[in-house]
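Below: one structure, written as C-alpha coordinates.
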Amino acid sequence: AFAVAFYPGCADERRRGYQPSAPLLRLLGADDDWTPPQPCLALGQESAEPRPQVVAYPGAYHGFDGTGPVRLWREVPNGVNPGQGVHLGGNPAAREAALARLTQFLGEVGVLR
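If you count by my numbering, then the sequence shown holds residues -19 to 93, one letter each, in order.
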(Lines of atoms letter the chains of each structure in order from A and count residues from 1; the text may use other names and numbers.)
(Lines give C-alpha, C1' and ligand atoms only; values in the text may rest on other atoms or scores of the structure.)
Protein backbone atom coordinates (compact mmCIF):
# COMPACT_ATOMS: atom_id res chain seq x y z
CA ALA A 1 0.00 0.00 0.00
CA PHE A 2 1.02 3.61 -0.57
CA ALA A 3 -0.62 7.03 -0.85
CA VAL A 4 -0.12 10.26 -2.77
CA ALA A 5 -1.73 13.58 -1.83
CA PHE A 6 -1.72 16.81 -3.81
CA TYR A 7 -2.10 19.97 -1.66
CA PRO A 8 -3.68 18.25 1.36
CA GLY A 9 -4.65 19.97 4.57
CA CYS A 10 -2.55 18.56 7.41
CA ALA A 11 -3.44 20.73 10.40
CA ASP A 12 -5.98 18.26 11.85
CA GLU A 13 -3.68 15.28 11.21
CA ARG A 14 -0.85 17.06 13.00
CA ARG A 15 -3.02 17.85 16.04
CA ARG A 16 -4.07 14.18 16.25
CA GLY A 17 -0.48 12.93 15.97
CA TYR A 18 -1.04 11.11 12.68
CA GLN A 19 1.52 8.44 11.82
CA PRO A 20 1.42 6.93 8.31
CA SER A 21 1.39 3.16 8.00
CA ALA A 22 2.56 3.08 4.38
CA PRO A 23 4.80 5.14 2.11
CA LEU A 24 3.24 8.56 1.56
CA LEU A 25 4.11 11.38 -0.85
CA ARG A 26 2.63 14.84 -0.29
CA LEU A 27 3.01 17.42 -3.05
CA LEU A 28 2.32 20.98 -1.93
CA GLY A 29 2.21 24.53 -3.22
CA ALA A 30 4.61 26.60 -1.12
CA ASP A 31 2.31 29.63 -1.54
CA ASP A 32 -0.97 27.74 -0.99
CA ASP A 33 -3.28 30.02 0.98
CA TRP A 34 -6.14 27.50 1.12
CA THR A 35 -4.35 24.49 2.62
CA PRO A 36 -1.05 25.95 3.79
CA PRO A 37 2.04 23.75 3.51
CA GLN A 38 3.50 24.40 6.97
CA PRO A 39 1.48 21.74 8.87
CA CYS A 40 2.38 19.09 6.27
CA LEU A 41 6.04 20.06 6.32
CA ALA A 42 6.10 19.86 10.13
CA LEU A 43 4.21 16.57 10.16
CA GLY A 44 6.73 15.14 7.73
CA GLN A 45 9.55 16.01 10.11
CA GLU A 46 7.74 14.74 13.22
CA SER A 47 6.53 11.41 11.84
CA ALA A 48 8.12 8.07 12.52
CA GLU A 49 8.98 5.62 9.75
CA PRO A 50 7.67 5.32 7.20
CA ARG A 51 8.26 9.07 7.20
CA PRO A 52 6.13 10.92 4.63
CA GLN A 53 7.96 12.45 1.73
CA VAL A 54 6.89 16.08 1.42
CA VAL A 55 7.72 18.43 -1.45
CA ALA A 56 6.64 22.10 -1.57
CA TYR A 57 6.93 23.90 -4.90
CA PRO A 58 7.90 27.61 -4.74
CA GLY A 59 5.47 30.03 -6.32
CA ALA A 60 2.73 27.40 -6.46
CA TYR A 61 -0.81 27.70 -5.13
CA HIS A 62 -3.60 25.19 -4.54
CA GLY A 63 -4.30 23.41 -7.83
CA PHE A 64 -0.78 23.96 -9.15
CA ASP A 65 -1.03 20.78 -11.23
CA GLY A 66 -3.86 22.26 -13.27
CA THR A 67 -3.53 24.20 -16.50
CA GLY A 68 -5.77 27.17 -15.77
CA PRO A 69 -4.50 30.59 -14.73
CA VAL A 70 -4.18 31.52 -11.08
CA ARG A 71 -7.38 33.18 -9.87
CA LEU A 72 -8.52 34.61 -6.57
CA TRP A 73 -11.63 32.82 -5.29
CA ARG A 74 -13.22 35.23 -2.85
CA GLU A 75 -16.12 32.89 -2.03
CA VAL A 76 -13.84 30.46 -0.15
CA PRO A 77 -14.11 31.56 3.49
CA ASN A 78 -11.62 29.24 5.16
CA GLY A 79 -8.24 30.15 3.74
CA VAL A 80 -5.15 31.39 5.53
CA ASN A 81 -6.62 34.90 5.46
CA PRO A 82 -10.33 34.42 6.30
CA GLY A 83 -12.63 36.63 4.30
CA GLN A 84 -9.99 37.44 1.68
CA GLY A 85 -10.44 34.33 -0.49
CA VAL A 86 -7.81 31.91 -1.76
CA HIS A 87 -5.71 31.56 -4.88
CA LEU A 88 -6.20 28.58 -7.16
CA GLY A 89 -4.50 27.76 -10.43
CA GLY A 90 -1.78 26.08 -12.38
CA ASN A 91 1.96 26.54 -12.29
CA PRO A 92 3.64 24.87 -15.28
CA ALA A 93 7.04 24.43 -13.60
CA ALA A 94 5.51 23.00 -10.42
CA ARG A 95 3.19 20.73 -12.43
CA GLU A 96 6.12 19.33 -14.43
CA ALA A 97 8.26 18.83 -11.32
CA ALA A 98 5.40 17.21 -9.39
CA LEU A 99 4.63 14.77 -12.19
CA ALA A 100 8.31 13.82 -12.36
CA ARG A 101 8.41 13.33 -8.58
CA LEU A 102 5.20 11.29 -8.70
CA THR A 103 6.68 9.05 -11.40
CA GLN A 104 9.82 8.59 -9.29
CA PHE A 105 7.74 7.74 -6.20
CA LEU A 106 5.67 5.20 -8.12
CA GLY A 107 8.92 3.56 -9.14
CA GLU A 108 10.13 3.55 -5.53
CA VAL A 109 7.00 1.76 -4.33
CA GLY A 110 7.14 -0.76 -7.17
CA VAL A 111 4.19 0.38 -9.27
CA LEU A 112 6.35 1.49 -12.20
CA ARG A 113 9.39 -0.42 -13.32
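Where is the CB? At the ideal position from N, CA and C, for every residue including glycine. Treat the numbers as computed from the prediction; the structure is a model and nothing was measured.
Check	Outcome
Can you say whether P49 is buried or exposed, counting buried as having 16 or more other CB atoms within 10 angstroms of its CB?	exposed
Could you give the distance in angstroms between the alpha-carbon of G9 and the alpha-carbon of F85?	18 Å
Tell me where the beta strand (DSSP E) around L94 begins and ends.	The chain is shown only over -19 to 93; residue 94 falls outside these bounds and no answer can be derived.
Buried or exposed for P38, going by 16 or more other Cβ atoms inside 10 Å?	exposed
What residue from G24, P72 and A22 has the CA that sits closest to G46's CA?	P72
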